[in-house]
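Asks:
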Amino acid sequence: MALVNLSPRRKKALDTPELGLALQSAFQLFPATNFTLDLDALTLCWQDGPTPVDLWRAASDPPGWQLEVRPMFADFSEATKPHVVHAEHFHSRLHLAHVLVRFYGKKTRLPDLGRANDQETIEALLAVLDDEEVSRYSIVDAIAREIVAATSSAPGSALGYLGNAIATLREIGYDAMWARAFGEIH
61 MALVNLSPRR KKALDTPELG LALQSAFQLF PATNFTLDLD ALTLCWQDGP
111 TPVDLWRAAS DPPGWQLEVR PMFADFSEAT KPHVVHAEHF HSRLHLAHVL
161 VRFYGKKTRL PDLGRANDQE TIEALLAVLD DEEVSRYSIV DAIAREIVAA
211 TSSAPGSALG YLGNAIATLR EIGYDAMWAR AFGEIH
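Read in our numbering, the sequence shown has 84 at position 24, and its numbers run on one by one without any break.
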């Protein structure tokens with residue numbers, strides 16, 4: 061016996077107000093996160109909270125629309141495409157410090173922000189680390205908190221802060237931070 065879906069498939073894109081309703085419904089699933097949606101400019105911004113993929117899925121992958129997330133190391137594509145929402149997912153200092161610790165754990169070295177491969181790794185980590193995953197590992201949490209406490213105030217961008225955090229980690233040393241973190245949690 062075969063199952064047949066008798067409900068009609070939507071073939072055309074949602075109109076902009078329908079897109080807004082779908083996104084507003086998704087926002088309610090993440091009450092701790094503040095979202096800013098501008099339907100006229102088709103822009104969406106938030107800090108920390110869900111990953112862009114999780115947010116888009118929560119909005120039921122709006123038919124006919126795409127989410128383009130601004131990479132940390134580049135601007136949005138120049139061409140304006142129809143049915144594209146431009147998203148900027150900002151990250152807190154703690155979130156960026158977690159990415160730095162995870163990068164070091166993966167590569168056993170500090171990132172070089174000028175290297176394309178390192179930029180890709182950082183972007184990939186930013187894309188998958190949501191709030192829940194940021195707090196998953198106590199040693200990583202402790203090292204990240206120490207980086208945030210020891211890093212001078214951030215320049216106006218996440219990239220500038222990440223550069224300062226790398227300098228802090230280089231100065232203090234990952235091994236020293238790891239030893240303190242291990243002692244703190246045990």
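Idealized CB from N, CA, C, for every residue including glycine.
If Ile226 and Pro171 are in contact, beta carbons under 8 Å, what's the gap, nearest whole angstrom?
Replies: Confirmed, Cβ separation roughly 7 Å.
Asks: With distances taken between CB atoms, is the gap from Pro131 to Glu180 smaller than 7 Å?
Replies: No, they are not a contact pair.
Asks: On a Cα-Cα basis, can you pick out the residue from Leu219, Glu206, Asp98, Gly220 that is closest to Ala239?
Replies: It is Glu206 whose Cα lies nearest to the Cα of Ala239.
Asks: Tell me Val129's beta-bridge partners as DSSP assigns them.
Replies: The partner list for Val129 (beta bridge, DSSP) reads Ala147.
Asks: Comparing alpha-carbon positions, which option in Gln88, His158, Ile203, Ala101 lies nearest Leu222?
Replies: Ranking Gln88, His158, Ile203, Ala101 by Cα distance to Leu222 puts His158 first.
Asks: Which first and last residues belong to the beta strand (DSSP E) in which Leu104 is found?
Replies: Taken as a continuous stretch (DSSP letters only), the beta strand (DSSP E) holding Leu104 covers 103-107.
Asks: Write down the C-beta distance between Ala118 and Leu89 rounded to the nearest angstrom, noting that I regard them as a contact closer than 8 Å.
Replies: Between Leu89 and Ala118 the Cβ distance is about 5 Å, and since that is below 8 Å, they are a contact.
Asks: Which residues share a DSSP beta bridge with Phe95?
Replies: Paired residue(s): Trp106.
Asks: Taking its Cβ as the centre, do 16 or more other Cβ atoms sit within 10 Å of Ile203, making it buried, or is it exposed?
Replies: By the neighbour-count rule (16 or more Cβ atoms within 10 Å), Ile203 is buried.
Asks: Tell me which residue opens and which closes the alpha helix (DSSP H) that Phe90 is part of.
Replies: Segment: none, Phe90 is in no alpha helix (DSSP H) and carries neither H nor E.
Asks: Comparing alpha-carbon positions, which option in Leu127, Arg153, Asp108 lies nearest Thr93?
Replies: The shortest C-alpha separation from Thr93 is found at Asp108.
Asks: Hey, which unbroken runs of the alpha helix (DSSP H) at 4 residues or more fall wholly within the region 167-208?
Replies: Segments of the alpha helix (DSSP H) lying fully in the region 167-208: 176-188, 191-194.
Asks: Run through DSSP, which three-state label would His158 get?
Replies: His158: helix per DSSP, three-state reduction.
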